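Before any comments, here is the structure.
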Amino acid sequence: MLKICYPLIQLAIILSLLLRQSHQACTTTQSPFPKFLGGTQGATYFLSIDYNQGNGYLVAAGSTRDQGVRGDSLGNVFRPIIIAYSSVYYSYAWGKVFTSLVNEQFYGVKINQLGTKLVACNQAVQRYMIVVDITNGNLISAKSFTALFTYGQNYRCLLLLDNDSILFGDDKRLLNMVSGSTDITAYTMTSFTIIALQFSKEYNRLYVFQFSAISCMITVLNLESFTRVYQYQTQCTAGTVFGMAQTLQSCDYQSSSKIQTMVTQMGTRFSRIKNYYSNDTLAISTVHDPSVSSLQGRGLFCVSSYLVFSLMWGTYLTDASRLIVAEVNFNLNKIIYTRFLQRTNSNVYHGVIFAGNKFFIAGYVSTSIYKTASSTFNTQSPSYHHGSINTPMLTCISIDQFQYPVVTLIANGYTLTATTYDYTASQLTIADITSTLAAPNNIVLTQFEGLFQTQCSSQLPIAPHDYSALSSSQAINQLYYALDDFSPKTITITPFTANKISPTAADPVFTYNLDSFIGPFSGATFTPSTRQILIPSLAALGEGTYTIIIEGKLQDCQMITATIKLISNTPPLLIGVLGFSLPEVHAEQGQITNYPLPNIFDPDIGQTITATLVEIQGSAFLSFVDFKDSSNTTIQIEPTIKAKIGFHQIELTLNDGVETTTYTLNINVSAHVINKYAQTNQGPPYYNESLEPVTLYVGNQIFEYALPQIVDPDDDLTSMRIDLREANLFSYYDKAAQQIVFNPVKGKNYKEEYQIMIVLTDKNIKPKKNTYKLSIYINQTHEIELAKNHTQVETLEDIQLANPQLKTYKTSIKIVEVSRNGEVQLQIISSLSSMAKIITAMLNDTDIQVLDEGKQQEIRSKINDVLQGNILKIKMDFQNQNHITTGMVSLKSITWIGFKLCQSKNPERFRLCHWKCICISPEGINCLCSNSNSILIKRRKHRELPKGL
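Under mature numbering (1 follows the signal peptide of the UniProt record, and there is no 0), read the sequence shown as residues -24 to -1, 1 to 925, first letter to last.
Structure below.
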């Protein structure tokens, strides 16, 4: 009996001690946020910000006219500025003003992924690229060139790579500025203006977002060669390039080393492209809110392959000028809007979001800031703007968090069309002005820092501390939960601890709160009084990694956190075993047979795999089967003389502490041979698999036929002789690789069939031999058409129920057997056995599509027979038939397109729902109805359907 193990969730508690350095006893001081920069002599603006989660640096770029802030007397004209805040309470780290750049403003700033440097650029056509050290603001390099257009604060066309190269979108051209060189490579595409760039370090991909009067376009480039990986066009949500730049956002998520998801936002419209790098296929979907709103995208964060958080600003329902975080769920086609903070009385530019309740947003304020719905406080001067950074963290502004009703999104209401526009490369020259540009000056900290303590204060720690040795160590480091378990799950946090510095100090008492949950809204809640985290349903989270951060605060305001990660688990598998049946083992009465187990695959780090032998339900336990030793890597079979002759079954289970994978082992016990030891040779050597005929196609690539393993009953040494005969015209034997290589070329005439003779002989006193004939068939007319476009497929998370009123059944697919002649047996399994037979009966040859994973090449297939009512016997025309072995074929390379039957009131008719999915794991999948319309069909007569439905 096959045990199906559903995906589970691994809950790993990873403790992180976030001790705030310079923690001090609680004192009232100015709140870390909002950040203000400005004075009383002129306007100051923050026009662009960036944040690096790795080191916690927050940077802002803009300009100021204020001589007091600059610390000069150069007049009331703009000079560009850069400000940096460090990770400890986001305190001021440094600020620089470039006084030599007169009437210039920095409109773009970007930190490299290492978090060591940043680059800033100005607005004017005479473009400057300034690179500084993120720790102190010191100038590293400066370059200048003549740009094609004026840069705006809503563009995000600036990137600094870790190799110090700068990428910049300049109107219709993409500039690659290599570090240490004055040469620029320009990649130009006419008619499309670049409005944003994004870099994926994991796959070395560059995402280019472009606008034209006709459509918007995303182009994905290989960053090494700048060649196109894929490209799609779609309808824009704004009619101008500036309008699109105001609301376009993007993010990416890496599901695994072979799957990456890119999500793009245009207002309240979201598109998703999943790239399966293993076979270079794409899955595309869109969702959008049909209601009209003025919300504009200000940041986007990909939580998983189906869940994103969007930072938005604008008017929603009756709330105007509000900051909104929208949770977008591609699986459920739902969006949840949640407002934060108070109404903004300022201009708001692009920001950065990294959790459902954690974000930074840049802009500037004029006169006053809303602290609550009815109270405000003023800046230093009502006449001059102040640059500002706002966030719901460490702020004196009332959060005013409110979740609006859930909105149902329209799925796939917009299309993405594949295109093939290319860039034209050319060479330009850039001026290196590092040695001639005047070094920046420090801005005057006292002109703006600490001036709002009365209006905007918080309790922060001040030395001396009352407590030391703060700890958030937990009694349990790892907890595991099943994904299919819909019951509530509770995790109790072990109390945090601290030591008193003075004996007279009060005993340490922590106040706990849920700092953040990086996952779906309401996916986890926390009760401070009981220190319990409640997860209503792990199954509702879906696949991905989700983070819970619990914060503990002491009486003296010191704080520590415990971070809890929920990670989807991968079950252990035996490498090279197709399905869940081990190869049959032969054992003789009275003899010992050892069966070494294949290696175990489990990517989850830190897990211990336990292998166990158990009896099959309803069968007697096999007392003569056990592991050879405590390593449990070899099964030892020792049937007694009285053991029953014939087939016996036992199950092998692999458990990683989370999931159990079960394999069935068939043992064939044969009779004891009384005169065995008088024999000198029990039999000739043989192949452990049959030699199936080979079909070759003239003009196709070189075909390699791997010979099976040779087995000798006496474990004698063996020899092999191969006679190619007439096939030597187009083949030879590679002795080192143990394979026959074929290469029939065009322009030569071949017979339809050839025979190759193979003789196996054992090295024994009385040698015996086995002779094999390998048939070779030549097809000189067949042409293979390679797929020229990407194949778009849908994954399970893309499949939605077409009609929630229909009764549905969980269905999965299992590969039962694979033979070397290209035959595969697929078993349809359903929670209702009769439904599996219905589905099997309804399938035609056209319902099955088989692809060569590496070559995007379709393979012809035909249903030859139906076994036991729910097993399809499929013949496939593989080119490399020698590679079709039990350990080399999996559902991962088979795309299955079929149907799902749902019960209808009319017993003579069935409701047929189209579904389409890709089988991505050996243990099978659950197939649900997609969004296509249902149709009614009559019973087919050429196959008998189960009665009673």
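Where is the CB? At the ideal position from N, CA and C, for every residue including glycine. Note that the coordinates shown come from a computational prediction; the quantities given were computed from them, not determined experimentally.
Skipping 5 residues on each side, what residues in its chain have a beta carbon closer than 6 Å to that of Glu761? Because the pLDDT of Glu761 is 35, which lies under 50, any placement of that residue in the model is unreliable, and the question is left without a value.
Can you name the start and end residues of the alpha helix (DSSP H) that Met153 belongs to? Careful: Met153 lies outside any alpha helix (DSSP H), inside the beta strand (DSSP E) at Arg149 to Met153.
Please classify Ile526: is it buried, with 16 or more other beta-carbons within 10 angstroms of its beta-carbon, or exposed? buried
Boundaries of the beta strand (DSSP E) in which Gly495 is found, first to last residue: Careful: Gly495 lies outside any beta strand (DSSP E) and carries neither H nor E.
Please look up how many angstroms separate the CB atoms of Phe82 and Ala37, rounded, as I've assumed it's under 8 Å. 4 Å
Alpha-carbon spacing of Asn644 relative to Gln567, whole angstroms: 13 Å
In chain order, what residues of the same chain lie with their CB nearer than 6 Å to the CB of Val561, ignoring the 5 residues before and after it? Tyr571 and Ile643
Can at least three beta-carbon pairs, one atom from the region 189 to 206 and one from the region 436 to 445, be found at a separation below 8 Å? no
Using only CA atoms, which one of Ile839, Glu799 and Leu843 lies nearest to Lys813? Leu843
Simplified DSSP assignment, three categories, for Leu421: helix
Near Leu693, which residues of its chain fall below 6 Å by C-beta distance, leaving aside the five closest residues on each side in sequence? Lys739
Exposed or buried, which one is Asn88 when buried takes at least 16 other CB atoms within 10 Å? buried
Range of the contiguous beta strand (DSSP E) that encloses Met220: First-last for Met220: Val217 to Thr223, but that is the alpha helix (DSSP H), not the beta strand (DSSP E).
At the level of alpha carbons, what is the spacing between Thr503 and Phe424? 39 Å
Bridge partner(s) assigned by DSSP for Ser232: Ile235
Runs of beta strand (DSSP E) wholly within the region 446 to 480 (minimum 3 residues, chain order): 454 to 458, 465 to 468 and 473 to 476
Identify the continuous alpha helix (DSSP H) that holds residue 929 and give its terminal residues. An answer regarding residue 929 cannot be provided, because it is not within the stretch -24 to 925 covered by the chain.
For Tyr66 and Leu370, believed in contact at Cβ under 8 Å, the rounded distance: 7 Å
Nonlocal neighbours in the same chain, by C-beta distance under 6 Å from Thr203, ignoring five residues either side: none
Close-in-space but distant-in-sequence residues of the same chain around Ile469 (CB under 8 Å, 5 per side omitted): Gln450, Tyr488, Arg507, Gln508, Ile509, Ile526 and Ala538
Consult DSSP for Leu705 and reduce its assignment to one of helix, strand or coil. helix
According to DSSP, simplified to helix, strand and coil, what is Ile142? strand
Report the residue from Arg132, Val324, Asp602 and Gln454 whose alpha carbon sits nearest the alpha carbon of Asn545. Gln454
Please name the residue, chosen from Val420, Thr391 and Ile235, that lies closest to Gly14 on a Cα-to-Cα basis. Val420
Buried or exposed: where does Asn130 fall if 16 or more other Cβ atoms within 10 Å of its Cβ makes it buried? buried
Measuring only the C-alpha atoms, how far is Tyr113 from Ile57? According to the sequence shown, residue 113 is Gly rather than Tyr. Using only the alpha carbons, I get a separation of about 11 Å.
Which residue wins for smallest C-alpha separation from Leu530, given the options Pro484, Glu668 and Ser795? Pro484
Taking its Cβ as the centre, do 16 or more other Cβ atoms sit within 10 Å of Met153, making it buried, or is it exposed? buried
Supposed contact pair Ala60 and Tyr33 - C-beta distance, whole angstroms, cut 8 Å: 6 Å
Look at the alpha carbon of residue 929 and the alpha carbon of Ile142, and state the distance between them as a whole number of angstroms. The structure shown does not extend to residue 929, since the chain is modelled only from -24 through 925, so no value can be given for it.
When the Cβ atoms of the region 223 to 242 are set against those of the region 275 to 290, are three or more pairs found closer than 8 Å? yes
Residue environment, Asp491, which counts as buried when at least 16 other CB atoms sit within 10 Å: buried
Just mark Tyr753 as buried or exposed, buried being the case when its beta carbon has 16 or more other beta carbons within 10 Å. exposed
DSSP three-state assignment for Lys11, whether helix, strand or coil: strand
Do Ser7 and Val85 count as a contact pair if the criterion is CB distance below 8 Å? no
Which term fits Gln377, buried or exposed, when burial requires 16 or more other beta carbons within 10 angstroms of its beta carbon? exposed
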